[in-house]
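Okay, so here's the structure we're looking at.
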Amino acid sequence: MKELIYSSLMLGVASIAGSAIGFIVKKIPHRLNDIFLGYCAGMMLAAAIVCLAIPAVESAGDGNLWQVAAGIIAGAVFISMLDRLTPHLHNLTGLDAEEHRSNASLNRVLLFVIAIALHKLPEGMATGVAFDGSSAANAETLSLSIALQNIPEGMVIITPLLVAGVKQWRAMVVALFVAGLEMAGVFLGYWIGSLAGILLPALMGMAAGAMLYVISDEMIPETHAHGYQKAATFALIAGFVTLLFLE
Numbered sequence: 002m003k004e005l006i007y008s009s010l011m012l013g014v015a016s017i018a019g020s021a022i023g024f025i026v027k028k029i030p031h032r033l034n035d036i037f038l039g040y041c042a043g044m045m046l047a048a049a050i051v052c053l054a055i056p057a058v059e060s061a062g063d064g065n066l067w068q069v070a071a072g073i074i075a076g077a078v079f080i081s082m083l084d085r086l087t088p089h090l091h092n093l094t095g096l097d098a099e100e101h102r103s104n105a106s107l108n109r110v111l112l113f114v115i116a117i118a119l120h121k122l123p124e125g126m127a128t129g130v131a132f133d134g135s136s137a138a139n140a141e142t143l144s145l146s147i148a149l150q151n152i153p154e155g156m157v158i159i160t161p162l163l164v165a166g167v168k169q170w171r172a173m174v175v176a177l178f179v180a181g182l183e184m185a186g187v188f189l190g191y192w193i194g195s196l197a198g199i200l201l202p203a204l205m206g207m208a209a210g211a212m213l214y215v216i217s218d219e220m221i222p223e224t225h226a227h228g229y230q231k232a233a234t235f236a237l238i239a240g241f242v243t244l245l246f247l248e
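Residue numbering for the sequence shown follows my numbering, starting at 2 and increasing by one per position.
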């Protein structure tokens with residue numbers, strides 16, 4: 002149980018540390034913003050494939066691949082439906098309704114923050130299930146890998162929110178909630194045990210589908226809309242390679 006608590010704390014602290022870095026780099030020129038967003042898109046793309054879809058397929062087995070496919074489709078549909086709701090989330094951002102409507106970037110920012118939050122629970126559950134197994138060393142390696150990944154993801158949560166005009170304390174509340182969601186997932190996965198293992202392929206597929214939708218529908222079009230598409234494309238590749246290295 003002690004190792005489980007340490008693992009949960011490590012994941013939460015890493016995510017919050019990344020968010021703290023996000024406060025430092027909040028004011029950047031538009032060109033660098035597109036490059037940074039492209040880099041984040043690359044990391045999310047790698048996370049969706051390497052950290053979510055592939056492990057989901059491996060854990061499901063040949064006879065249950067439909068669970069992963071159904072989860073991916075459900076995740077994309079879910080975020081697509083949220084796309085209609087984001088204009089009504091101005092209470093979360095602290096902006097009044099008119100200011101929210103005139104801020105075109107805010108909706109896409111909220112979408113990919115939600116997509117990141119959505120994958121934190123199954124990611125934490127995967128760690129908890131690993132601790133429920135026979136090899137604690139493997140579980141600790143998995144925890145370290147996810148913790149390293151959480152640092153740039155914490156930046157992805159904070160920086161775009163601040164650029165879009167969300168108050169600092171509200172952005173930090175969002176960051177703390179996302180970190181807490183993953184920490185709770187660790188204990189949930191450990192306590193549910195075998196049941197969590199059964200649900201994980203679909204949950205991880207759903208998280209992957211949500212991230213893929215946001216990357217294709219929001220992030221890449223945004224980075225290609227201001228004349229900096231070449232730099233943003235190479236930034237996406239760099240982000241993809243970075244997460245592969247961390248993984």
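Ideal Cβ positions, reconstructed from N, Cα and C, are used throughout, including at glycine.
Alpha-carbon to alpha-carbon, residue j and residue i
{"i": "S8", "j": "L204", "result": "21 Å"}
{"i": "V51", "j": "I193", "result": "24 Å"}
{"i": "G240", "j": "L10", "result": "25 Å"}
{"i": "L149", "j": "V130", "result": "19 Å"}
{"i": "D97", "j": "P153", "result": "Low confidence applies to D97: its pLDDT is 48, below 50, so where it sits in the model is not reliable, and the reading given next is rough at best. Cα to Cα, D97 sits roughly 30 Å from P153."}
{"i": "Y214", "j": "V69", "result": "15 Å"}
{"i": "T234", "j": "I117", "result": "21 Å"}
{"i": "I6", "j": "G76", "result": "29 Å"}
{"i": "V167", "j": "G64", "result": "46 Å"}
{"i": "H227", "j": "G39", "result": "13 Å"}
When the options are compared against residue i, the one with the closest alpha-carbon
{"i": "A57", "options": "I199, T224, G228", "result": "I199"}
{"i": "S144", "options": "N34, L247, F24, H31", "result": "L247"}
{"i": "I216", "options": "A232, E4, V114", "result": "V114"}
{"i": "A236", "options": "L12, G43, A75", "result": "G43"}
{"i": "P123", "options": "L201, L66, I117", "result": "L201"}
{"i": "L33", "options": "H225, L244, Y191", "result": "H225"}
{"i": "L119", "options": "E183, M82, L189", "result": "E183"}
{"i": "Y191", "options": "T128, L46, M82, G62", "result": "T128"}
For residue i, the three-state DSSP class (helix, strand or coil)
{"i": "V69", "result": "helix"}
{"i": "H227", "result": "coil"}
{"i": "G1", "result": "In the structure as shown, the chain starts at 2 and stops at 248, and residue 1 therefore has no counterpart that could be examined."}
{"i": "G76", "result": "helix"}
{"i": "V51", "result": "helix"}
{"i": "K3", "result": "helix"}
Beta carbon of residue i nearer than 8 Å to that of residue j
{"i": "A209", "j": "A54", "result": "yes"}
{"i": "I159", "j": "G72", "result": "no"}
{"i": "S60", "j": "M173", "result": "no"}
{"i": "Y229", "j": "I36", "result": "yes"}
{"i": "A48", "j": "M207", "result": "no"}
{"i": "L12", "j": "N151", "result": "yes"}
{"i": "V175", "j": "L162", "result": "yes"}
field: the region 13-26 / the region 178-192 touching (three or more Cβ pairs under 8 Å)
entry: Because the criterion of three Cβ pairs below 8 Å is met, the region 13-26 and the region 178-192 touch.
- prompt: Is the number of C-beta pairs between the region 148-158 and the region 211-225 that are closer than 8 Å three or more?
  reply: Counting Cβ pairs under 8 Å, fewer than three are found: no touch.
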